[in-house]
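Chemist: All letters in the sequence shown, in the order written, are residues 1 to 344 by UniProt numbering.
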Amino acid sequence: MISGILASPGIAFGKALLLKEDEIVIDRKKISADKVDQEVERFLSGRAKASAQLEAIKTKAGETFGEEKEAIFEGHIMLLEDEELEQEIIALIKDKHMTADAAAHEVIEGQATALEELDDEYLKERAADVRDIGKRLLRNILGLAIIDLSAIQEEVILVAADLTPSETAQLNLQKVLGFITDAGGRTSHTSIMARSLELPAIVGTGSVTAQVKNGDYLILDAVNNQVYVNPTNDVIEQLRAVQEQVATEKAELAKLKDLPAITLDGHQVEVCANIGTVRDVEGAERNGAEGVGLYRTEFLFMDRDALPTEEEQFAAYKAVAEACGSQAVIVRTMDIGGDKELPY
Numbered sequence: 001m002i003s004g005i006l007a008s009p010g011i012a013f014g015k016a017l018l019l020k021e022d023e024i025v026i027d028r029k030k031i032s033a034d035k036v037d038q039e040v041e042r043f044l045s046g047r048a049k050a051s052a053q054l055e056a057i058k059t060k061a062g063e064t065f066g067e068e069k070e071a072i073f074e075g076h077i078m079l080l081e082d083e084e085l086e087q088e089i090i091a092l093i094k095d096k097h098m099t100a101d102a103a104a105h106e107v108i109e110g111q112a113t114a115l116e117e118l119d120d121e122y123l124k125e126r127a128a129d130v131r132d133i134g135k136r137l138l139r140n141i142l143g144l145a146i147i148d149l150s151a152i153q154e155e156v157i158l159v160a161a162d163l164t165p166s167e168t169a170q171l172n173l174q175k176v177l178g179f180i181t182d183a184g185g186r187t188s189h190t191s192i193m194a195r196s197l198e199l200p201a202i203v204g205t206g207s208v209t210a211q212v213k214n215g216d217y218l219i220l221d222a223v224n225n226q227v228y229v230n231p232t233n234d235v236i237e238q239l240r241a242v243q244e245q246v247a248t249e250k251a252e253l254a255k256l257k258d259l260p261a262i263t264l265d266g267h268q269v270e271v272c273a274n275i276g277t278v279r280d281v282e283g284a285e286r287n288g289a290e291g292v293g294l295y296r297t298e299f300l301f302m303d304r305d306a307l308p309t310e311e312e313q314f315a316a317y318k319a320v321a322e323a324c325g326s327q328a329v330i331v332r333t334m335d336i337g338g339d340k341e342l343p344y
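#1: Candidates Ile202, Leu18 and Glu23: which alpha carbon is nearest Leu149's?
#2: Report the three-state DSSP secondary structure of Gln268 (helix, strand or coil).
#3: Round the Cβ separation of Leu209 and Asp182 to the nearest angstrom and send it over; I've been treating them as touching at under 8 angstroms.
#4: Are the stretch 29 to 47 and the stretch 216 to 232 touching by the rule of at least three beta carbon pairs closer than 8 angstroms?
#5: Indicate the three-state DSSP secondary structure (helix, strand or coil) for Thr181 in the structure shown.
#6: For Pro308, which residues from the same chain have a beta carbon less than 6 angstroms from its beta carbon, with the 5 sequence-adjacent residues on both sides left out?
#7: If you measure between the beta carbons of Leu220 and Ala12, is that distance less than 7 angstroms?
#8: Does the distance from the C-beta atom of Ala24 to that of Ser166 stay below 7 angstroms?
#9: Just tell me which of Val176, Arg195 and Ile202 has its CA closest to the CA of Leu6.
#10: Pick helix, strand or coil for Ser191, following the three-state DSSP scheme.
#11: By the 10 Å Cβ neighbour count, where 16 or more other Cβ atoms means buried, how is Thr59 classified, buried or exposed?
#12: Output the distance between the C-alpha atoms of Tyr228 and Ala160, rounded to the nearest integer angstrom.
#13: Tell me whether the beta-carbon of Gly178 lies closer than 7 angstroms to the beta-carbon of Ile147.
#14: When the Cα of Asp258 is compared with those of Ala247, Cys272, Thr248 and Gly266, which residue comes out closest?
#15: Evaluate the contact criterion for the stretch 316 to 333 versus the stretch 75 to 91: three or more CB pairs, one atom per stretch, below 8 angstroms.
#16: Could you check the C-alpha separation between Glu116 and Glu81 for me, to the nearest Å?
#17: Judging by CA-CA distance, which residue of Lys250, Glu311 and Val281 is the nearest neighbour of Cys324?
#18: For Gly204, is the classification buried or exposed, using 16 other Cβ atoms within 10 angstroms of its Cβ as the cut-off for buried?
#19: Just the Cα atoms here: how many angstroms apart are Thr248 and Val176?
#20: Quick check: the Cα distance between Asn233 and Met1, rounded to an integer number of angstroms?
#21: Distance check for Thr263 and Tyr344, CA to CA, integer angstroms please.
#22: Using a Cβ-Cβ cut-off of 6 angstroms (strictly less than) and excluding sequence neighbours within five positions of Met98, which residues of its own chain qualify?
#23: Going by the beta-carbon positions, is the gap between Ser3 and Asn225 smaller than 7 angstroms?
#24: Give the straight-line distance between the Cα atoms of Ala16 and Gly206, rounded to the nearest whole angstrom.
#25: Is the separation between the beta-carbon of Tyr295 and that of Val269 shorter than 7 angstroms?
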């Protein structure tokens with residue numbers, strides 16, 4: 001059995017789809033002076049393609065997850081198009097005669113490594129976001145294919161070294177039953193998005209891609225943090241029973257969701273939801289919440305390089321208020337500190 005970090009609860013049964021992209025090979029040879037302009041153009045052209053792809057992903061993320069998750073990819077685009085980043089990459093091409101891919105890799109990897117060296121675990125995991133942007137940029141500079149996870153046409157459990165936020169946002173949720181990765185943590189964007197989608201996921205296994213082959217039959221038990229590879233019929237039957245029990249308990253609880261909450265001594269209380277984004281409102285209402293008792297606004301301030309503007313904050317709060325209709329929303333001012341730090 002394989003275990004890791006339980007990112008999003010649930011149980012899934014299905015064939016493994018092992019994700020492997022063409023290896024990115026960086027050309028580190030020095031270029032001649034007459035090739036500098038050509039390499040600068042390769043970088044700018046690759047960046048333009050990557051930005052266009054991220055714009056499309058941002059739109060889909062907004063439709064699927066709401067404005068807060070859409071903002072993640074707006075942040076990716078801002079970093080990709082950052083003037084300082086552009087200047088650093090072009091300077092390496094012009095001054096050190098590096099290829100476009102080598103220059104981009106050096107700058108992006110430098111930023112990711114700097115994040116990894118911080119003491120804060122949350123900020124360390126943002127290095128994956130930076131590398132997500134860098135990988136997309138490099139693949140466009142080199143003309144390599146980018147896997148389209150929205151095109152999956154059979155039910156599968158994804159197995160990958162890692163899944164980036166942009167890849168997670170493109171998943172075909174009618175076919176992808178869950179995912180398992182070598183890398184990742186519970187507070188990564190990918191894990192947070194999996195929980196929003198109620199998609200079973202175990203991350204940080206260290207070696208699942210080395211232990212699973214394409215087409216293997218898997219049980220992803222993201223209740224007990226176990227992955228079974230080609231299990232026996234007895235194990236399949238046992239875990240089918242667990243899956244049915246979980247579904248039964250959920251169905252029984254669903255019968256109670258619309259009943260008034262009354263204490264034994266006759267006092268009626270409101271049962272309200274604890275949310276972090278507008279996306280959470282749908283699940284709260286589905287489970288009978290009578291409003292939002294705690295809207296954790298700090299999530300709007302995290303995963304970005306600068307404070308959100310007044311307009312961005314207004315749009316986020318307005319979206320939650322509109323989603324809740326006549327129900328009350330209690331907004332908590334941002335709670336930052338401890339395990340939640342801001343990089344700015």
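Glycine included, every Cβ here is placed at the ideal spot set by N, Cα and C.
Quick caveat: nothing in here was measured; it's all calculated off a predicted structure.
Modeler: On the basis of the data shown:
#1: Walking along the sequence shown from the start, residue 149 turns up at place 149. Among Ile202, Leu18 and Glu23, the Cα nearest to that of Leu149 belongs to Leu18.
#2: Numbered from 1 along the sequence shown, position 268 holds the residue referred to as residue 268. Three-state result, Gln268: strand.
#3: As a first step, residue 209 is located in the sequence shown; it is residue number 209 there, counting from the start. As a first step, residue 182 is located in the sequence shown; it is residue number 182 there, counting from the start. First, the amino acid is wrong: residue 209 is Thr here, not Leu. Thr209 to Asp182, Cβ: 5 angstroms. Contact.
#4: no
#5: As a working note, residue 181 is residue 181 in the sequence shown. Three-state DSSP puts Thr181 in a strand.
#6: To locate residue 308, count along the sequence shown from 1; it is residue 308. Taken in chain order, the residues that qualify are Leu300.
#7: Within the sequence shown, numbered from 1, the residue matching residue 220 stands at position 220. Within the sequence shown, numbered from 1, the residue matching residue 12 stands at position 12. In this structure, Ala12 lies closer than 7 angstroms to Leu220 by Cβ.
#8: For this step, residue 24 is matched to residue 24 along the sequence shown. For this step, residue 166 is matched to residue 166 along the sequence shown. The sequence shown places Ile at residue 24, not Ala. Cβ atoms of Ile24 and Ser166: not closer than 7 angstroms.
#9: Reading the sequence shown from its first residue, position 6 is the one you call residue 6. Nearest C-alpha to Leu6: Ile202.
#10: Numbered from 1 along the sequence shown, position 191 holds the residue referred to as residue 191. Ser191: helix per DSSP, three-state reduction.
#11: Against the sequence shown, residue 59 aligns to sequence position 59. When all chains shown are included, Thr59 counts as exposed.
#12: Walking along the sequence shown from the start, residue 228 turns up at place 228. Walking along the sequence shown from the start, residue 160 turns up at place 160. Approximately 16 angstroms, taken between the alpha carbons.
#13: In the sequence shown, the residue the question calls residue 178 occupies position 178. In the sequence shown, the residue the question calls residue 147 occupies position 147. Not a contact, by the Cβ cut-off of 7 angstroms.
#14: Within the sequence shown, residue 258 is the residue found at index 258, counting from 1. Nearest C-alpha to Asp258: Cys272.
#15: no
#16: Numbered from its first residue, the sequence shown carries residue 116 at position 116. Numbered from its first residue, the sequence shown carries residue 81 at position 81. Using only the alpha carbons, I get a separation of about 22 angstroms.
#17: Indexing the sequence shown from 1 puts residue 324 at position 324. When only C-alpha atoms are compared, the closest one is Val281.
#18: Within the sequence shown, the letter at position 204 stands for residue 204. So Gly204 counts as buried.
#19: The sequence position of residue 248 within the sequence shown is 248, counting from 1. The sequence position of residue 176 within the sequence shown is 176, counting from 1. Thr248 and Val176: Cα-Cα distance of roughly 23 angstroms.
#20: Walking along the sequence shown from the start, residue 233 turns up at place 233. Walking along the sequence shown from the start, residue 1 turns up at place 1. Approximately 15 angstroms between the Cα atoms of the pair.
#21: Within the sequence shown, numbered from 1, the residue matching residue 344 stands at position 344. Within the sequence shown, numbered from 1, the residue matching residue 263 stands at position 263. Whole-angstrom Cα-Cα distance: 46 angstroms.
#22: What you label residue 98 is simply residue 98 of the sequence shown in a count that begins at 1. Excluding sequence neighbours, Met98 sits near Leu92.
#23: Position 3 of the sequence shown holds residue 3. Position 225 of the sequence shown holds residue 225. Contact flag set, yes.
#24: Residue 16 sits at position 16 when you count from the first residue of the sequence shown. Residue 206 sits at position 206 when you count from the first residue of the sequence shown. So the two alpha carbons sit approximately 17 angstroms from each other.
#25: Against the sequence shown, residue 295 aligns to sequence position 295. Against the sequence shown, residue 269 aligns to sequence position 269. Cβ atoms of Tyr295 and Val269: not closer than 7 angstroms.
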